[in-house]
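Worksheet: one structure, shown below.
Protein chains: 2
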Amino acid sequence: MLDPVSRVRRFNRAVTSAVGALDTSFLGRGRPLGAARVLNAIGHGRTDVADIRDYLGLDSGLMSRLLRSLEDEGVVETHAHEDDARRRVAKLTRTGRREFAAYEALSNAQAESFLAKHSQRDALLAAMDMIASALTRERVALTEMDPQSDEARYCLGEYYAELGRRFKQGFDVSLSRDPDAKDMRRPRGTFIVAMSDTLPIGCVGLKGTDHGYAEIKRLWVAPAARGLRLGRRLMDATEDAARRLGIALLRLDTNSALPEAGQLYRTTGWREIPRFNDDPYPDLFFEKQL
Amino acid sequence: MLDPVSRVRRFNRAVTSAVGALDTSFLGRGRPLGAARVLNAIGHGRTDVADIRDYLGLDSGLMSRLLRSLEDEGVVETHAHEDDARRRVAKLTRTGRREFAAYEALSNAQAESFLAKHSQRDALLAAMDMIASALTRERVALTEMDPQSDEARYCLGEYYAELGRRFKQGFDVSLSRDPDAKDMRRPRGTFIVAMSDTLPIGCVGLKGTDHGYAEIKRLWVAPAARGLRLGRRLMDATEDAARRLGIALLRLDTNSALPEAGQLYRTTGWREIPRFNDDPYPDLFFEKQL
DNA sequence: GAAAATCTCTGACTAAAGTCAGGTAATGCT
DNA sequence: AGCATTACCTGACTTTAGTCAGAGATTTTC
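Chains as they are written, first to last, in the working numbering: chain A, 43 to 332; chain B, 43 to 332.
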């Protein structure tokens, strides 16, 4: 009962029955589960029939029939794809959007009622984030995004908050806020966000300079996503992006109060170099030739 | 993407697809899921047909057919119940036990491979415990157990460990180890463990004395299960048990380093009284008339 | 000791999900 | 231009899950 395997299995049991309840609640709108799932996939922005089929793991025959039944019902319309008339694109009709909204309301209500039952909301949410990240870690998508997008700003906010907690002297955000944004856009640099489903769980910036190297800045991984080697993936992706931008030399600075970071750099081909800027926070400096 | 409801829904999505994978893996033994579930329920000690039916939420006709198919396969035998010949009792044959063991091995292997993928094992397990407790909180069973049972000892071990962390001066286990066990058995007292599925997540002892009152000792709730009002349920159950044992007056001691406990007592009809023992750890004393 | 209730089983269904083998039209490749 | 490939559709089928009414045996209740 106390060994790790039993604990995982207990979790599986608990979650299996909860998921069953979730599923059956989707039956309340007079539509079989399969059709409801297709409708919701379309509502969530999956329009390509092949994409939906793949996402839901359906046979093409079955998928076709489910789509047909949704069309007959008047909630979905399909058209040929613009660029390739073999492919079909599905979209919701007005009625379809109403139905989708009803499913969304149902899901939101369930989530809210779950949250309302528990007083330790923050701890529970943190635990859920962690497990969701672990379960979907093969599906974490690293995407280049604008450093001023909502996702990027969320990550940066969390990043600064964490620096504030970890540095003995605190961390003054105003010092480093946004002036770098323009250097972290193509073609000078880039900004990469790791998205797990809809939640940003990590980021890194590549900041172009005029000194013959680019800098890696603001590497952050959400606490809930640590242990998934996401830092390494983010660094790899940044190095790839740098190579594609024709950058041959990378530098970065960090602080010895963040030992995981130093550890990561040391084991991935970075070598320590002398201080190369006068920023007050960092006390460790690295360089890597691409 | 950042609001609590979205986070819960992200968790639901992540877990739904994981559970789907778990389910389909049970199909690898040439038996439909329904039959596999019945076989596993029997393997886990549910022998009464009505009990299994209830647990799996099956119609009696369907249940009957599933049982029959398992019998035809030679993995299950049924007999009439000893005391009531209308009821049937199912048990595994030798082949059945082998099949059950294969399912168990599969589940264990899956749990292990999940754990092996993640470096933050302890944090992940704690998160899983927390969520499993939250999901199954309606199904937490409070059971009277021997204070020296494995479950009770696990709880007590965790309890002492926590006291050690929370008391400034630490906590010396040897002082309070086991001498009370005999006073926490019927008819002098009792010991109640809160079980969530197979995991003990809380406990409380009722210790009989010869001074005209009984003491409540060792109230503990697992960190993963806090916020579920389990402490209150444990106290209620103990008071009920005390009433059934004919005890009219309860006392307890606690420490101001455990503010949740003091808070609980104050809001549930206990009144503070002067020190009534010379135990070095407690600094707060309460009494309640039943 | 008769009537009511309980437990399981059987027969006769239905609905949903899934499989498989073509078929049609569009597209890609040489 | 011709052939292979791709994307989707259709028809014909099977399996699984589930429902419902009633039968048969047994136990409980009065």
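Glycine included, C-beta positions come from ideal geometry on N, C-alpha and C. Please read these numbers as outputs of a predicted model, since none were measured by experiment.
Here Lys249/B is buried: its Cβ has 16 or more other Cβ atoms, across all protein chains shown, within 10 Å. For Asp295/A, the enclosing beta strand (DSSP E) has its first and last residue at Leu291 to Thr296. Within the DSSP secondary-structure output, Asp90/A pairs in a beta bridge with Val131/A. In terms of Cβ geometry, His160/A and Ala176/B form a close pair [threshold 8 Å].
Interface flag for Asn297/A against chain B is unset, since no Cβ pair is found closer than 8 Å.
Taking the Cα of Ala168/A as reference, the smallest distance to any Cα among Leu241/A, Phe233/A, Phe142/A and Arg207/A is reached at Leu241/A. For the C-beta of Arg208/A, not a single chain B residue is nearer than 7 Å; the gap to the nearest is close to 17 Å.
Collapsing the DSSP output to three states places Lys224/B in a helix.
Excluding residues up to 5 positions away in sequence, Val131, Ala132 and Lys133 lie with their Cβ nearer than 8 Å to the Cβ of Thr89/B in the same chain. Going by DSSP, Pro242/B is part of the beta strand (DSSP E) stretching over Leu241 to Gly250. In this structure, Leu81/B is the residue among Ile173/B, Glu281/B and Leu81/B with its C-alpha nearest to the C-alpha of Arg136/B.
A distance of 8 Å or more separates the beta carbons of Val182/A and Val57/B.
Any Cβ of chain B closer than 8 Å to the Cβ of Ala264/A would place that residue at the interface, and such an atom is absent.
Taking a Cβ-Cβ threshold of 8 Å, the residues of chain A close to Phe53/B are Met170, Asp171, Ile173 and Ala174, in chain order. Here the alpha carbons of Gly103/B and Gly138/B stand approximately 22 Å from one another.
DSSP places Arg286/B in the uninterrupted alpha helix (DSSP H) bounded by Leu272 to Arg286. Against chain B, the CB of Gly244/A has no partner CB under 8 Å away; the residue lies outside that interface. Setting aside the 5 residues that flank it on each side, Leu184/B is surrounded in the same chain by Ile234, Ala236, Arg275, Leu276 and Ala279, each with a C-beta closer than 7 Å to its C-beta; the list follows chain order. At least one CB atom of chain B sits nearer than 8 Å to the CB of Pro46/A. The beta carbons of Arg73/A and Ala144/A sit no closer together than 8 Å. Cβ neighbours of Arg285/B within its own chain (closer than 7 Å, five residues either side excluded): Leu332. Among the residues facing chain A, His160/B is included, as its CB has a counterpart in that chain under 8 Å away. The Cβ-Cβ distance between Leu306/A and Glu314/A does not fall below 8 Å. Along the length of the region 135-174 of chain B, whole alpha helix (DSSP H) runs at least 4 residues long occupy 136-158, reported in chain order. With its beta carbon less than 8 Å from one in chain A, Thr178/B belongs to the interface. Interface annotation for the region 139-159 of chain B against chain A: Ser149, Asn150, Ala153, Glu154, Phe156 and Leu157, criterion Cβ-Cβ distance under 7 Å. Using a Cβ-Cβ cut-off of 8 Å, Asp239/A is close to Arg52, Arg55 and Ala56 of chain B, given in chain order. A distance of 8 Å or more separates the beta carbons of Leu272/A and Ala303/A. Within the region 55-76 of chain B, the residues whose Cβ lies closer than 9 Å to some Cβ of chain A are Arg55, Ala56, Val57, Thr58, Ser59, Ala60, Val61, Gly62, Leu64 and Asp65, listed in chain order.
Think of a sphere of 7 Å around the beta carbon of Ala165/A: the chain B residues whose beta carbon falls inside it are Met172, in chain order. Using a Cβ distance threshold of 8 Å, Met172/B and Ala256/A do not count as a contacting pair. Taken in chain order, the unbroken stretches of alpha helix (DSSP H) that lie wholly in the region 54-89 of chain B and span 4 residues or more are 75-85. Per DSSP, the beta bridge partners of Ala122/A are Arg130/A.
The DSSP-derived three-state label of Met237/A is strand. Closest in C-alpha terms to Glu186/A, from the list Met226/A, Ala147/A and Leu148/A, comes Met226/A.
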